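So for the sequence shown, the working numbering puts the first residue at 6; every next one is plus one. Heads up: the structure comes next, in structure tokens.
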Amino acid sequence: MSHRNAAAFAALLCLTRTGSKLGDFWIQSDFCAQVKGASDDHPVTYKDPATKKTTTHGTADGRRACLHHCLTYTATQAIVAGAGARALGIRIHPVAAAAALAVSFGTHYAADRRVPDRGLLERLASKTGKGGFYKLADFGMYGVLTELIAKFSQVRGLSASFPACLHQAVPKGTYLRSCCPRSASCTRRVTRGSRTG
């Protein structure tokens, strides 16, 4: 690979990752974020922040929400990468771009359609011995974050209760698996489809 190709690859990688972050955190609607994992066995109750109307959603709505999110996510990647490549003078073959975006769409759908006990990513993680790591993300990034902090604090000889201070830093409703997996005193728990605490 020539230096020019390596630089173009690095630039395109940065552009698509930027599009990915924009698509996931800025473009994705609250509705899609909450409903995309819904199934008939594990329905999701959604309360619209504007109208305060509460609705319950199953498999069909979960698939539609995930599909809508993945379409906007991939479109955002295409726009950011296309505009950035044009501005940088990088030529991209349309078929290669379409193939890359199709892979991005498919893998993102598989990752975001987290149907409990039946999702593609969960089955794959279980079969490859990564089921425990997969389950850490059930309740957002804070499950992984607290697990990493707990392990770091043990290595560094810090107090075992060190991760408990995260209760002040994470949003209410987030389940902190590492510091209080079964504690009745934990006020920051979330279960699929319902929040308590």
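We treat Cβ as the ideally placed atom computed from N, Cα and C, and that holds for glycine. Since the structure is predicted, the reported quantities are computational estimates derived from the model, not experimental observations.
#1: When burial is assigned at 16 or more other CB atoms within 10 Å of the CB, is Thr-21 buried or exposed?
#2: Mind checking His-113: buried by the 16 CB within 10 Å criterion, or exposed?
#3: Give the range of the alpha helix (DSSP H) segment to which Val-120 is assigned.
#4: Output the distance between the C-alpha atoms of Gly-137 and Ser-131, rounded to the nearest integer angstrom.
#5: According to DSSP, simplified to helix, strand and coil, what is Thr-60?
#6: Out of curiosity, what's the CA-to-CA distance linking Phe-30 and Ser-7?
#7: Does the beta carbon of Arg-69 fall short of 8 angstroms from some heavy atom of the ligand FMN?
#8: Going residue by residue through the stretch 24-79, where are the continuous beta strand (DSSP E) segments of at least 3 residues, counting only ones entirely within it?
#9: I'd like to know if the stretch 32-51 and the stretch 86-105 are in contact, where contact means that at least 3 CB-CB pairs between them fall below 8 angstroms.
#10: Near Cys-37, which residues of its chain fall below 6 angstroms by C-beta distance, leaving aside the five closest residues on each side in sequence?
#11: Tell whether a beta-carbon distance below 9 angstroms holds between Gly-28 and Gln-82.
#12: Residues in its own chain within less than 8 angstroms of Ala-16 by CB, not counting five upstream and five downstream?
#13: Identify which residue in Ser-25, Thr-50 and Thr-23 has its Cα closest to the Cα of Asp-35.
Reading it off the structure:
#1: As a working mapping, residue 21 is identified with position 16 in the sequence shown. When all chains shown are included, Thr-21 counts as buried.
#2: The count along the sequence shown starts at 1 and reaches residue 113 at position 108. His-113 comes out buried.
#3: For the purposes of this step, residue 120 is taken as the residue at position 115 of the sequence shown. Taken as a continuous stretch (DSSP letters only), Val-120 belongs to no alpha helix (DSSP H), as it is neither H nor E.
#4: For the purposes of this step, residue 137 is identified with residue 132 of the sequence shown, where counting begins at 1. For the purposes of this step, residue 131 is identified with residue 126 of the sequence shown, where counting begins at 1. Cα to Cα, the separation comes out at about 8 angstroms.
#5: On the sequence shown, residue 60 is found 55 positions in, with the first residue counted as 1. The answer is strand: DSSP assigns Thr-60 an E or B state.
#6: Position 25 of the sequence shown holds residue 30. Position 2 of the sequence shown holds residue 7. Rounded to the nearest angstrom, the two C-alpha atoms are 34 angstroms apart.
#7: This structure does not include the ligand FMN; it has no bound ligands of any sort.
#8: 49-52 and 59-62
#9: no
#10: Counting from one through the sequence shown, the residue named residue 37 turns up at place 32. So the qualifying residues of the chain are Ala-70, His-73 and His-74.
#11: In the sequence shown, the residue the question calls residue 28 occupies position 23. In the sequence shown, the residue the question calls residue 82 occupies position 77. Yes, Cβ-Cβ distance for Gly-28 and Gln-82 is below 9 angstroms.
#12: Translated into the one-based positions of the sequence shown, residue 16 becomes position 11. The residues are Gly-89, Ala-90, Leu-93 and Ile-95.
#13: Within the sequence shown, residue 35 is the residue found at index 30, counting from 1. Looking at the Cα atoms, Thr-50 is the closest of the given residues.
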